[in-house]
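Its first residue numbered 44, the sequence shown is counted upward by one per residue in the numbering used here.
Below is one structure, written out as structure tokens; the observations come after it.
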Amino acid sequence: MKPSQRARLLSVVCLVALVAFGWYATRSVRPPDCKVAVGAFTTADGQPIGDGGERVTWEELGESAYQDMVAAGTCEPPAARWRHWLG
């Protein structure tokens, strides 16, 4: 492999790594110090039942509980991942 080809390949690899890192750092995440626990009555097959008697998923229950905590001021709203890295 010629030195110019090696340099071009290294430049492309570095650019791809930088783009991937930037994408990862800008994803929206919940604050790490906000813990949410949910409990629910379930059907015989283990599927949780919502407040109105409808079937929901555990993820939907967790997200609903988190949004309630944000609305009450107990937890901060989600922010870009890099903001949590800075503290």
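For glycine and all other residues, C-beta sits at the position ideal for the given N, C-alpha and C.
From this set, the options, which residue's C-alpha is nearest residue i's C-alpha?
i	options	result
Val81	Trp128, Glu119, Ala108, Val59	Ala108
Asp76	Thr85, Arg70, Thr117	Thr117
Gly96	Glu102, Glu106, Phe84, Ala68	Phe84
Trp125	Leu61, Gly65, Val56, Leu52	Gly65
Thr100	Val113, Met112, Thr86, Asp111	Thr86
Quick one: residues in its chain with C-beta nearer than 6 angstroms to the C-beta of residue i, no 5 flanking neighbours on either side, listed in chain order?
i	result
Gln90	Arg98
Hey, could you find the ends of the alpha helix (DSSP H) residue i is sitting in?
i	result
Gln110	101-115
Val62	46-68
Arg124	124-129
Only counting the same chain, and skipping five residues up and downstream in sequence, which positions put a Cβ closer than 7 angstroms to that of residue i?
i	result
Leu129	none
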